[in-house]
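Report on the structure given below.
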Amino acid sequence: MNKKSILITGGAGFIGSHVVRRFVTNYPDYLIVNADALTYAGNLENLKDVTNEANYAFEHVDICDENAITAIFEKYNIDGVIHLAAESHVDRSISDPMSFVKTNLLGTTNLLHIAKKQWAGNFEGKKFYHISTDEVFGSLEMDKGFFTEETAYDPRSPYSASKAGSDHMVRAFYHTYHLPCVISNCSNNYGPNHFPEKLIPLMINNILHNKPLPVYGKGENVRDWLHVKDHARAIDLIFHEGVPGETYNIGGHNEWKNIDLVFLLCDLVDEKLSKPLGESRKLITYVTDRAGHDLRYAIDASKIERTLGWTPDYTFEQGLSETVDWYLSNESWLKNVTSGAYLHYYSAQYGK
Ligand code: NAD
Ligand code: DAU
C-alpha cells in the first residue's frame with residue numbers, strides 16, 4: 176500500500192522530469208503517476224533512468240480530457256497533484272495563443288474540477304499544487320525592485336496571461352470550495368534536459384553547430400536564473416510543507432542581461448572545447464525584438480527562505496558550467512530532440 180499517490184502533470188517536460196525523478200527516487204513509498212500528453216515539449220527519454228521503477232507509472236493523457244483524468248484519479252486513488260503541464264514558451268504563445276488558453280487555463284480548471292469532485296469535500300491529507308511563473312507579475316524597471324507575493328498581477332504575453340488566469344482559477348477553488356491549493360511562482364530555470372527553443376540550450380546548441388546566436392533587440396533584457404534542481408527541491412518542500420491558500424515566490428537572486436549571459440556561454444564553450452577565446456562570440460546576431468518583450472524579471476524569495484528554509488544550493492558558476500558539460504556529453508539527446516526522433520520514443524518504449 177502506497178503512503179501517497181501523487182499525480183504529476185507534465186512530467187515528461189523539462190522541470191517536470193526533474194520533479195518526477197526526485198520524487199520517485201526520494202519517496203519509494205509514494206506512487207508517482209506522470210500524466211503527460213507528450214506534445215513537442217514532452218520527451219520520455221528525459222526519464223529513462225526511472226521508467227522501470229516500481230513506484231512510477233506513466234499515463235499518456237491530455238489534462239483537458241475530463242474522462243481520462245477522472246479515470247486516472249480512480250485507478251490510482253490520487254491524493255496529491257503537482258501540476259506542471261503547460262504550454263511554456265512565450266514566442267509560441269505570440270503565434271498561437273489558443274493552445275495556451277486551452278492547456279494552461281482550461282486544462283488547469285479541468286484538473287481542479289476533477290480533484291474537487293473526486294475528493295468530495297474530504298480534503299484531509301489532500302493537496303493541489305500549481306506550478307506557476309514570475310511572468311504573471313509583468314515587467315520590472317531596470318535595477319528597481321523585485322516581485323514579491325504581494326505584487327499585483329500584470330501579465331503581458333499570451334503565455335503569462337494564460338498562467339495568470341490559471342493562478343486565479345486555483346485561488347478561486349481554494350476560496351470557494353476550500354480545495355487545499357498552493358501556488359508557487361518561479362523565475363527562469365536552466366539545467367539538463369531544457370528544450371533547445373529556450374535561450375540557454377538554444378545558444379549552446381547553436382554554438383556547437385556553428386549557427387547564428389539570435390539575440391532579441393539589444394540583449395538588454397534581464398532574467399533571474401535558477402538551477403532546475405533547486406526548483407525541484409523547492410517544489411518538494413512546498414508540496415510537503417506549504418500552507419494551503421499560500422503563494423511562494425522562488426528565484427535565484429541571479430540577474431543577468433541576456434547579452435552578458437550569451438557572452439558567458441560563448442566563452443565557457445570555447446574554453447571547454449579548447450577553441451580560441453572569442454571564437455563563438457562571432458556567431459552573435461542581433462535580431463528583431465520579441466513583441467511585447469518584458470524588460471526585467473527579478474524575484475524576492477525571502478518568504479520561502481523565512482518560512483520553509485529554502486535557498487538555492489547551486490552557484491550560477493557551478494550550475495552553468497555543469498549544464499554546458501551536460502549538453503557536451505549528451506549530444507545524442509540534443510540530436511534526438513533537434514531531429515524529432517524523440518517523438519518516437521514513447522511508441523518504441525510502450526509499443527503504442
Ligand atoms: P515544458 O514545455 O518543458 O514541459 C511541459 C510539459 O507539459 C511537456 O512534457 C508537455 O508534453 C506537457 N503538456 C503540455 N500540454 C499538455 C496537456 N494539454 N496535457 C498534458 N500534458 C501537457 O515546460 P517546463 O519549462 O518544464 O515548465 C513546466 C511548468 O513550470 C509550466 O507550468 C511552466 O509554466 C512553469 N514554469 C517554467 C519555468 C521555466 O523557466 N521553464 C519557470 C517558472 C515556471
Ligand atoms: O520567468 C519564467 C519563465 O521563463 C517561464 O515561465 C517560461 O516558461 C520560460 O520559457 C521562461 O520565459 P522567457 O521568455 O524568459 O525565456 P526564454 O528562454 O524564451 O528567453 C529568455 C530571454 O532571452 C528573454 O529575454 C528572450 C531572450 N531570447 C530568447 C530566445 C529564445 C533571445 O534573446 N533570443 C532567443 O533566441
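Just so we're aligned, residue 176 is where the sequence shown starts under my numbering, counting upward by one.
Note that CB positions come from ideal geometry on N, CA and C, so glycine has one too.
- Following the DSSP letters along the chain, one finds T482 inside the alpha helix (DSSP H) bounded by residues S477 to L483.
- Taking H353 as reference, the option from Y517, E234, S514 and E299 with the minimal CA-CA separation is E299.
- When DSSP states are grouped into helix, strand and coil, K404 belongs to the helix group.
- Within the same chain, Cβ atoms closer than 7 Å to the Cβ of W508 are found at E220, the five residues on either side in sequence being excluded.
- Minimum Cα-Cα distance from D254 among the listed residues F322, H264 and L286 corresponds to L286.
- In this structure, the C-beta of G366 stays at least 8 Å away from each heavy atom of the ligand DAU.
- Going by DSSP, N242 is part of the alpha helix (DSSP H) stretching over E241 to Y251.
- Within the DSSP bridge table, the entry for G255 names I181 and K302 as partners.
- In the pairwise beta carbon analysis, the stretch 455-462 is classified as touching the stretch 376-395: at least three pairs are separated by under 8 Å.
- Under the DSSP assignment, E430 falls in the beta strand (DSSP E) whose first and last residues are E430 to K432.
- S307 carries a strand assignment under DSSP once its states are collapsed to helix, strand and coil.
- Only exposed fits H519, as fewer than 16 other CB atoms lie within 10 angstroms of its CB.
- By the neighbour-count criterion, in which 16 or more other beta carbons inside 10 Å mark a residue as buried, V403 falls on the buried side.
- Per DSSP, reduced to three states, the secondary structure at P333 is helical.
- Look at which beta carbons fall closer than 6 Å to any heavy atom of the ligand DAU; those residues are S263, H264, V265, T308, D309, E310, S362, N363, K373, L374, L377, P389, V390, Y391, N396, R398, N433, R465 and Y472.
- The stretch 358-374 makes contact with the stretch 395-414; the number of CB pairs closer than 8 Å reaches 3 or more.
- For V225, there is no enclosing beta strand (DSSP E), as DSSP gives it neither H nor E.
- By the Cβ rule, the stretch 228-242 counts as touching the stretch 197-214, because three or more pairs are nearer than 8 Å.
- DSSP places L448 outside both helix and strand once states are collapsed to three, so it counts as coil.
- Here the distance from the Cβ of K338 to the nearest heavy atom of the ligand NAD is below 8 Å.
- Per DSSP, L280 lies in no beta strand (DSSP E) and is assigned neither H nor E.
- For G296, the shortest separation between its Cβ and any heavy atom of the ligand NAD does not lie below 8 Å.
- In this chain, the alpha helix (DSSP H) harbouring V195 covers F189 to N201.
- Rounded to the nearest whole angstrom, the CA to CA distance from E454 to R481 is 44 Å.
- If you ignore the 5 residues before and after G217, its C-beta comes within less than 7 Å of the C-beta of A187, G188 and D211, all in its own chain and listed in chain order.
- P376 is a Cβ neighbour of Y502, given a cutoff of 9 Å.
- If you check the CB distance, C356 and K302 come in under 9 Å.
- The beta carbon of W294 sits closer than 7 Å to those of K301, all from its chain and outside the five residues before and after it, given in chain order.
- Judged by their CB atoms, G426 and R331 are not nearer to each other than the 9 Å cut-off.
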